[in-house]
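**Q**
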Amino acid sequence: MKRQAVTGLRRNLRRIINLFLALCVVNTLALMLVVAAYYPKVEQVIRVYTLLRFQALTPPTLDKIFEGAIKGMVESLGDPYSSYLTPEVYRRLEEHVQGTYGGVGLLITLEEKEKRPVVVSPFKGTPAQRAGITSGDYILAIDGRDTAGMDLETAASLMQGEPGTKVELTVLKPGEKEPRRFTLIRETIKIPTVDGRMLPGYPGIGYISLSMFNEQTSGDLGKLLEELRRQGLKALILDLRNNPGGSLQAAVEVASYFIPKGPVVYIVDQKKKEALQATGKYIKLPLVVLVNKGSASAAEIVAGAIKDSGSGVLIGETTFGKGVVQTIFPLKGGAAVKLTTHKYLTPAQKDIDKVGITPDIQVKLDPRLEQEVLSHSPDLERDTQLKKALELLQGKMVTSKAA
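In the numbering used here, the protein residues as written are 2 to 404.
1. Between the beta-carbon of G197 and the beta-carbon of I209, is there less than 8 angstroms?
2. Just checking my contact of P81 with L141 at CB under 8 angstroms: how many whole Å lie between their CB atoms?
3. Quick one: Cα of K355 to Cα of Y267, how far?
4. On the DSSP bridge list, what partners appear for T155?
5. Under the assumption that F214 contacts S248 (Cβ atoms under 8 angstroms), give the Cβ distance between them as a whole number of angstroms.
6. Would you kindly work out how many angstroms separate the C-alpha atoms of T342 and V326, rounded to a whole number?
7. How many Å lie between I190 and R242 at the Cα?
8. Go to R231, then tell me how far its alpha helix (DSSP H) extends in each direction, as first and last residue.
9. So who's on the other strand from P264, going by DSSP bridges?
10. Among T59, Y50, Y85 and G305, which one has its Cα closest to the Cα of F330?
11. With contact counted as at least three CB pairs below 8 angstroms, one residue from each stretch, are the region 122–139 and the region 55–67 in contact?
12. Rounded to a whole number of angstroms, what is the C-alpha to C-alpha distance between N293 and E318?
13. Measure the C-alpha to C-alpha separation of D309 and P41 and round it to an integer number of angstroms.
14. Over what stretch of residues does the alpha helix (DSSP H) that includes A304 continue unbroken?
15. Applying the 10 Å Cβ sphere with the 16-neighbour rule, what's the burial state of I260?
16. Quick one: Cα of Q217 to Cα of Q250, how far?
17. Is the Cβ-Cβ distance between R182 and T166 less than 8 angstroms?
18. Run through DSSP, which three-state label would S122 get?
19. Output yes or no for whether 8 angstroms exceeds the beta carbon distance between I302 and P360.
20. Going by DSSP, what residues sit across from T101 in a beta bridge?
21. Indicate whether P348 and V265 have their beta-carbon atoms separated by less than 8 angstroms.
22. In the DSSP output, what is L185 paired with across the bridge?
23. Compute the Euclidean distance between the alpha carbons of S136 and L366, then round it to the nearest angstrom.
24. According to the Cβ coordinates, are I143 and A156 closer than 8 angstroms?
25. Ends of the beta strand (DSSP E) at A291?
26. For a test of the three-state rule: what should DSSP assign to L173, helix, strand or coil?
27. Whole angstroms is fine: what's the gap from V75's alpha carbon to Y91's?
28. Measuring only the C-alpha atoms, how far is A403 from G150?
29. When the Cα atoms are used, what is the spatial distance from P204 to G396?
30. Closer than 8 angstroms by C-beta to G202: which residues in its own chain qualify, once you throw out the five before and the five after it? Chain order, please.
31. Report the residue from S83, A236, K282 and G305 whose alpha carbon sits nearest the alpha carbon of L346.
32. In terms of alpha-carbon separation, which member of V255, G357 and L159 lies closest to G103?
33. Consult DSSP for F55 and reduce its assignment to one of helix, strand or coil.
34. Whose CA, out of F124, E163, G162 and E177, lies closest to the CA of T139?
In structure tokens form, the structure reads like this:
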């Protein structure tokens, strides 16, 4: 019996070894085929590596060469939202996602043609917003460093830093010929989520502003809605202006308060399309949503769901148009790669990327007053978009009473 067991063990071992050798041969052949097919490119890579190591005045370390190779692979996508994150940039990004960081309070993206950072929106009450930097402004330089061709993470990292330190931004406003220089003092930026109240002089009408979407937004929103209901809430204005977005899951949870059961958004990747469904929290009130060119990403998911479901009316200006979702993949050593992995469609399966969402009723704010009005929302005297929302809701409430 022992001899049979040993014989069987040897037979199995030989099979495993043969299988391993066969896999090695197959992989080697596959690698040789790839090298043969792309030999000129492989030859160039080897040539450049040799030049860097033995001809450059200051030869880079192998770590730097590999880091540059990884960065180059990601940049080959040609996607402004995909990038290689150094450990320092990744750490700061995590701080930002967690809710606080040292910086000036700007959400930025890359402008397609010029490949420069452009402001999506400033966070309310931050140094950038107080200085007068607004949505659509181009950032030409950071501390004198030209931003042409700079990736998003590098630009954001240069503006972030220890609270109390200075950073100089050279900014060009759309329609102006001469750039302006802003010297800002970094602060601890606490990313706000939810704020709201009943509006004085407008019985039954509440106002809620969402400044961003994170893990706390849905819970904070639920608590505020309950408080406003106790105060007699009968109709609601949801302000998503200058909301830069944030967590996809938070957007689904927030939208669930404002639309009946059904899809909030469709998420599309390389292989499939998936509907993310409302979670059944629908409050069913007369609803108006305020949007503008600074409403982006997750804010557009909520606005699109409300518009397509017919559960509310959108008032304001066409939104920013960011219809793609990024996923972060950590790497060993503290770095990470951020890739665009999905695009999203509204419940009516509209692709709004680089297009935005057109409101049901278009109302523009006076550009000369916009910054001040939005930083002091709700401004019942000067905010023409808010006034239109109030007019519409009062009409709905009168009609409802008459019925």
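All C-beta atoms in this analysis are idealised placements derived from N, C-alpha and C, irrespective of residue type, glycine included.
All values derive from a computational prediction rather than experimental measurement.
**A** Taking the structure as given:
1. yes
2. That pair is no contact at about 17 angstroms.
3. 17 angstroms
4. Assignment of beta-bridge partners to T155 by DSSP yields no partner.
5. 5 angstroms
6. If I take the Cα positions, the gap works out to 6 angstroms.
7. 19 angstroms
8. T218 to R231
9. Q278
10. Y85
11. no
12. 4 angstroms
13. 52 angstroms
14. A299 to S310
15. buried
16. 11 angstroms
17. no
18. Correct three-state label for S122: strand.
19. no
20. K191
21. yes
22. V168
23. About 13 angstroms.
24. yes
25. According to the sequence shown, residue 291 is Leu rather than Ala. Run containing L291: L288 to V292, per the beta strand (DSSP E) assignment.
26. strand
27. 15 angstroms
28. Bear in mind that the predicted position of A403 carries a pLDDT of just 44, short of 50, making it unreliable; the figure below should be weighed with that in mind. The alpha-carbon atoms of A403 and G150 are separated by roughly 60 angstroms.
29. 13 angstroms
30. Excluding residues up to 5 positions away in sequence, L381 lie with their Cβ nearer than 8 angstroms to the Cβ of G202 in the same chain.
31. G305
32. L159
33. helix
34. Here residue 139 turns out to be Tyr, not Thr, going by the sequence shown. Nearest C-alpha to Y139: E177.
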